[in-house]
Amino acid sequence: MPKADLLEFFDAPSDTPFLIEHVSEEFTSVCPKTGHPDFGHVTLRYEPAAVCVELKSLKLYYQSFRNEGIFYEAVTNRIRDDLAQAMSPRWLQIVTDWKGRGGIRSRIIASHGAVPAAWARG
Numbered sequence: 000m001p002k003a004d005l006l007e008f009f010d011a012p013s014d015t016p017f018l019i020e021h022v023s024e025e026f027t028s029v030c031p032k033t034g035h036p037d038f039g040h041v042t043l044r045y046e047p048a049a050v051c052v053e054l055k056s057l058k059l060y061y062q063s064f065r066n067e068g069i070f071y072e073a074v075t076n077r078i079r080d081d082l083a084q085a086m087s088p089r090w091l092q093i094v095t096d097w098k099g100r101g102g103i104r105s106r107i108i109a110s111h112g113a114v115p116a117a118w119a120r121g
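Position 95, counted from 1, in the sequence shown is what numbering that gives the first Met the number 0 calls 94; the numbers after and before it change by one each time, with no gaps.
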């Protein structure tokens with residue numbers, strides 16, 4: 000089961016608002032219905048309030064989903080909830096883009112807080 004306790008943080012370097020965007024192009028999980036692997040990109044955007052997520056820990060957290068049977072929508076919301084709870088950012092957005100299967104590609108967007116209009120559509 001994915002573990003939010005893998006996540007580590009460091010103090011934000013500035014009190015002035017700024018945007019952080021991290022993109023992971025190697026996210027994998029498992030379809031709970033078929034057992035087939037799901038491959039996707041995860042984009043994390045946020046404005047830190049006090050802390051920033053440390054990248055190696057974020058990578059290990061993402062990798063903890065590798066053998067997890069979980070639907071696209073659930074994994075996107077789980078990542079949002081875990082990061083929002085751990086960091087308490089001013090706002091946060093998770094966008095997952097999934098490789099096509101059966102001719103259908105999926106994109107899921109989950110947000111926390113008031114996402115600026117420029118980013119509201121992912």
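Even glycine gets a Cβ: it sits at the ideal position worked out from N, Cα and C.
Continuous beta strand (DSSP E) assignments of at least 3 residues falling wholly in the segment 34-117: 36-46, 50-52, 90-100 and 103-112
Please report the Cβ distance between Val50 and Phe9, rounded to the nearest whole angstrom; I am assuming they are in contact, meaning their Cβ atoms lie under 8 Å. Locating residue 50 in the sequence shown gives position 51, where the first residue counts as 1. Locating residue 9 in the sequence shown gives position 10, where the first residue counts as 1. Indeed they touch by this definition, with Cβ atoms about 7 Å apart.
Given this structure, state the Cα-to-Cα distance separating Phe17 from Phe38, to the nearest angstrom. Residue mapping note: residue 17 aligns to position 18 of the sequence shown, counting from 1. Residue mapping note: residue 38 aligns to position 39 of the sequence shown, counting from 1. For Phe17 and Phe38, the distance between alpha carbons rounds to 30 Å.
Work out the CA separation of Lys2 and Ala11 for me, nearest whole Å. As a working note, residue 11 is residue 12 in the sequence shown. As a working note, residue 2 is residue 3 in the sequence shown. Computed Cα separation, rounded: 23 Å.
Start-to-end residues for the beta strand (DSSP E) that takes in Asp10: Within the sequence shown, numbered from 1, the residue matching residue 10 stands at position 11. Run containing Asp10: Phe8 to Asp10, per the beta strand (DSSP E) assignment.
Go ahead and label His111 buried or exposed: buried means 16 or more other beta carbons lie within 10 angstroms of its beta carbon, across all protein chains shown. In the sequence shown, residue 111 corresponds to position 112, counting from 1. Burial call: buried.
Please report the straight-line C-alpha distance between Arg44 and Ile103, rounded to a whole angstrom. Your numbering for residue 44 matches position 45 in the sequence shown. Your numbering for residue 103 matches position 104 in the sequence shown. Approximately 25 Å between the Cα atoms of the pair.
Inspect the beta-carbon positions of Glu125 and Ser28 and report whether they are closer than 8 Å. The first residue shown for the chain is 0 and the last is 121, placing residue 125 beyond what the model contains.
Just list the residues that DSSP pairs Thr27 with in beta bridges. The residue given as residue 27 occupies position 28 in the sequence shown. According to DSSP, which records beta bridges pairwise, Thr27 is partnered with Phe38.
Closest by CA to Glu7, which one among Ser63, Asp96, Glu24 and Leu57? Taking the first residue of the sequence shown as position 1, residue 7 is located at position 8. Ranking Ser63, Asp96, Glu24 and Leu57 by Cα distance to Glu7 puts Leu57 first.
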